[in-house]
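Below: the structure, in structure tokens.
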Amino acid sequence: MTRDSALSVAELAEALQAPDTGEDRRLVVLDCRFNLAEPGAGRSQYAAGHIPGAVYASLDDDLSGPVQRFGGRHPLPSPDQFQAFARRAGIGAKTHVVVYDDQRLAFAARAWWLLRYFGHDSVSVLDGGFAAWKAAGQPLESGSTPGPQAQGNFVAHSGEMTTVHYDAVFEHVGNPPWRLVDARESSRFAGHQEPIDPLAGHIPGAVNKPWQSATNEDGSLKSEAELKHLWRDLPSEEPLVHYCGSGVTACVNLFVQHRIGRKDGLLYPGSWSDWCAHILYPYAEQSAPAETSVSKDLA
Numbered sequence: 001m002t003r004d005s006a007l008s009v010a011e012l013a014e015a016l017q018a019p020d021t022g023e024d025r026r027l028v029v030l031d032c033r034f035n036l037a038e039p040g041a042g043r044s045q046y047a048a049g050h051i052p053g054a055v056y057a058s059l060d061d062d063l064s065g066p067v068q069r070f071g072g073r074h075p076l077p078s079p080d081q082f083q084a085f086a087r088r089a090g091i092g093a094k095t096h097v098v099v100y101d102d103q104r105l106a107f108a109a110r111a112w113w114l115l116r117y118f119g120h121d122s123v124s125v126l127d128g129g130f131a132a133w134k135a136a137g138q139p140l141e142s143g144s145t146p147g148p149q150a151q152g153n154f155v156a157h158s159g160e161m162t163t164v165h166y167d168a169v170f171e172h173v174g175n176p177p178w179r180l181v182d183a184r185e186s187s188r189f190a191g192h193q194e195p196i197d198p199l200a201g202h203i204p205g206a207v208n209k210p211w212q213s214a215t216n217e218d219g220s221l222k223s224e225a226e227l228k229h230l231w232r233d234l235p236s237e238e239p240l241v242h243y244c245g246s247g248v249t250a251c252v253n254l255f256v257q258h259r260i261g262r263k264d265g266l267l268y269p270g271s272w273s274d275w276c277a278h279i280l281y282p283y284a285e286q287s288a289p290a291e292t293s294v295s296k297d298l299a
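Under UniProt numbering, the first residue of the sequence shown is numbered 1, with each subsequent residue one higher.
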């Protein structure tokens, strides 16, 4: 099995047929389907049908920590929390992990990034996600839990992925040592609408690279040549700090950067929702910053 950052359906189907031969499970598949508006929907979808042997990974329960006053809507899980989840999923030091969802990597990329953040580099996304698996006529398995499996020996430790937090971002507004990249849709970036967070706009100095631009309409990844073209305006010598609404879809852009050979990207985990929580600090709105007001309770 290739250890590329993305696997095709055919590659995953072949890999699933190979037996485990060592102490660690050779392959673990994580189903990361989720719906922000209906948090239980992903687990229900998993129970209705998933890739055989896949383990469900909930954005809220497994890929995020407890929400607090600051830190955004989806804080990073603690090392202990993520380690416990990874072990339950059967992940060991030599396990290759494949992640998928049904929303163009929106949630699978978060799992990909977290595994690398906690020191596990052997992880790939499924190109095209669950839709591609079904379209290829591959088998499905139903049920709310996978069959019996051995506990993994995953140990969370510092990996190659790095983060930057509010204080550093705020300190460098106007004179940053990096370029801020906002992964949200262009209308949210511009401040024309904000369906989730209490303020509309973006962090001063940020550029917009919507996360959906990484994939085609069917969820398949664009070619490396296309991805390089999309990111051609950001110099390779300039470090990039990625953010979105809550540190989730920004991971799609971090995945893209890794895929095209740029491994210097940092994540601002709290992202725009954390920035909004620090409401006394500046923010940018392209059209009329003086007219922006708090429209939701921040408590």
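Glycine is no exception: its CB is placed at the ideal position from the N, C-alpha and C atoms.
The DSSP assignment places 179-182 as complete runs of the beta strand (DSSP E) inside the stretch 146-220, in order along the chain (cut-off: 3 residues). Under DSSP, the beta-bridge partners assigned to H96 are L27. Counting only runs of 4 or more residues that sit fully inside the stretch 28-90, the alpha helix (DSSP H) segments are 41-48 and 79-88, in chain order.
Residue range V123 to L126 is occupied by the beta strand (DSSP E) that includes L126. In this chain, the alpha helix (DSSP H) harbouring L254 covers A250 to R259. With a 10 Å radius around the Cβ and a threshold of 16 neighbouring Cβ atoms, H96 comes out buried.
Between F154 and A86, the C-beta gap is smaller than 7 Å, which places the two residues in contact. The C-alpha of S220 lies about 32 Å from the C-alpha of T21. Where H229 is concerned, the enclosing alpha helix (DSSP H) starts and stops at E224 to L230.
Distance from the CA atom of V181 to the CA atom of A37, rounded to whole angstroms, is 25 Å. Remark: C-beta atoms of W112 and F255 approach each other more closely than 7 Å. Within 10 angstroms of the beta-carbon of S124 lie 16 or more other beta-carbons, which makes it buried. C-alpha of A93 to C-alpha of H120: approximately 7 Å in a straight line. Partner residues in the beta bridge of Y243, as assigned by DSSP, are D182. Exposed is the label assigned to P177, since fewer than 16 other Cβ atoms lie within 10 Å of its Cβ. Membership of D274 in the alpha helix (DSSP H) is indicated by the continuous run S271 to A277.
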